[in-house]
């Protein structure tokens, strides 16, 4: 078995699953390249004519649809920023606080029941919990 980190399990997929995977990958790449289109076109125009940055910006803004360059830059920066923030999420998880472990005696005191009755209810796979008219637990009846 090779020692690489990339898992290639395409041979386990059915043909229509592979087709969907290929199509979604191609669509993602097409979207990514579309975001770079104004910059690549402008750089190509700049290198072919030796124009200044102001001319490049004026041509890109005038030939594109309203705000296409701005929208592309915002989308590119937003995606990059989101991915950078996402990579930091695990290190920003809140610190777990130590919870006080409740004891069997504290449960028995809280519900006003015997410890044996609580243990019998815990060990049973099915049990019936009896309540009074106010919703307070008054008994546990193990069934199995």
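In the UniProt record's numbering, the protein residues as written are 1 to 144.
Cβ atoms here follow ideal geometry from the backbone N, Cα and C, with glycine treated the same way.
Residue i - DSSP class collapsed to helix/strand/coil
i           : result
residue 121 : helix
residue 39  : helix
residue 126 : coil
residue 1   : Reliability fails at residue 1, whose pLDDT of 47 lies under 50, so the model's placement of it is uncertain and the value that follows must be treated cautiously. The answer is coil: DSSP assigns residue 1 none of H, G, I, E or B.
residue 134 : coil
residue 58  : helix
residue 9   : coil
residue 100 : coil
Where the beta strand (DSSP E) through residue i begins and ends
i           : result
residue 105 : It is not in any beta strand (DSSP E) - residue 105 instead sits in the alpha helix (DSSP H) that spans 104-111.
residue 140 : 137-142
Cβ shell of residue i (< 7 Å), same chain only, five flanking positions each side left out
i           : result
residue 107 : 118
residue 128 : 141 and 143
residue 75  : 35
Sequence-distant residues of the same chain with beta carbon closer than 8 Å to residue i, five excluded per side
i           : result
residue 132 : 138
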